[in-house]
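In the UniProt record's numbering, the protein residues as written are 1 to 272.
See below:
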């Protein structure tokens with residue numbers, strides 16, 4: 001009979017729907033989507049990673065798993081179970097985008113044995129203020145005001161990025177309460193983790209403020225270098241926060257170069 005720990009891991013894994021591609025490839029990459037997304041958020045990136053076994057789950061609270069409660073800790077626990085059950089040898093390269101970057105950092109800092117290399121993009125930390133309690137309502141309203149705007153207008157303002165529409169049925173006020181749940185300031189930053197990590201900040205803003213916070217990328221990489229001096233922070237001046245849709249081939253190329261050669265493509269600027 002299996003241990004209670006084995007049973008807990010199996011239960012968490014069974015609750016996490018996921019896409020799986022290239023199962024015969026030797027090395028597994030776990031792709032962790034952002035807020036309001038699903039495993040399908042990676043559909044433009046995955047065709048450029050044919051040499052890797054890919055796992056692209058729906059986080060709790062998202063997609064097929066939208067009826068499950070979301071928290072960064074719960075999502076990381078479920079991904080830990082997924083890696084142990086589906087990744088080759090129980091180890092994966094970990095890629096996290098936006099909210100998924102926060103989940104990725106919690107995952108690799110609390111379960112360091114399941115990740116041997118990491119790439120995160122769009123990791124940002126905002127201070128808790130008196131207005132933070134109203135943020136779920138503000139974002140809920142903003143998305144409903146934005147929804148009717150012609151997609152051609154949004155593509156024009158976002159350099160042609162064809163972003164998928166938000167599932168308004170999934171994105172309730174309660175959903176945003178869970179996503180923006182207040183945590184202790186210290187918990188917003190992970191403890192040092194051993195996996196070699198590339199932290200990326202998108203640098204392009206403009207009419208729509210879609211750039212990331214390079215100071216957060218630099219701070220995160222600094223924490224990572226306490227355990228692995230190869231960890232780096234970089235910024236791309238032409239990429240916007242949702243660049244998995246803006247330049248999916250470049251995102252895949254960056255992933256491969258970092259994992260295979262500890263390098264990045266031309267165009268990135270060091271934040272060190």
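Even for Gly, the Cβ is constructed at its ideal location relative to N, Cα and C. In this text, all values refer to a predicted model and were calculated from it rather than measured experimentally.
**Study point:** Limits of the beta strand (DSSP E) - the one that residue 93 falls within
**Key:** 92 to 97
Review point. Helix, strand or coil for residue 207 per DSSP?
Key: coil
Point to revise | Cβ shell of residue 189 (< 8 angstroms), same chain only, five flanking positions each side left out | key: 125, 219, 220 and 223
Review point. Per DSSP, what kind of secondary structure is residue 263 in: helix, strand or coil?
Key: coil
Check your understanding: Tell me, which residues are paired with residue 233 by DSSP?
Key -> 199
Point to revise | Pairwise C-alpha distance: residue 113 and residue 239 | key: 32 angstroms
Check your understanding: Which of the three DSSP states, helix, strand or coil, is assigned to residue 71?
Key -> coil
Practice item. Give the straight-line distance between the Cα atoms of residue 231 and residue 135, rounded to the nearest whole angstrom. Key: 32 angstroms
Review point. Which two residues bound the contiguous beta strand (DSSP E) that contains residue 57?
Key: 53 to 57
Check your understanding: Exposed or buried, what is residue 129 when buried is set at 16 or more other beta-carbons lying within 10 Å of its beta-carbon?
Key -> exposed
Point to revise | Inter-residue Cα distance where the pair is residue 66 and residue 242 | key: 22 angstroms
Review point. Which residue comes first and which comes last in the alpha helix (DSSP H) that contains residue 223?
Key: 214 to 225
Review point. Does DSSP put residue 44 in a helix, in a strand, or in coil?
Key: coil
Review point. Per DSSP, residue 270 is paired with what?
Key: 234
Exercise for review: Please say whether residue 32 and residue 52 have beta carbons closer to each other than 8 angstroms?
Suggested key: no
Point to revise | Residues of its chain near residue 1, where Cβ-Cβ distance is below 7 angstroms and the 5 sequence neighbours each way are ignored | key: Unreliable positioning characterises residue 1 in this predicted model, as indicated by a pLDDT of 42, which lies under 50. A coordinate reading is not provided.
Practice item. Between the Cα of residue 44 and those of 244, 195 and 148, spot the shortest distance and give me the residue it belongs to. Key: 244
Review point. When the Cα atoms are used, what is the spatial distance from residue 299 to residue 100?
Key: Any answer about residue 299 is impossible in this case: the structure gives the chain only from 1 up to 272.
**Study point:** Distance, residue 177 Cα to residue 146 Cα
**Key:** 20 angstroms
**Study point:** Nearest candidate by alpha-carbon position, reference residue 235, set 47, 217, 48 and 196
**Key:** 217
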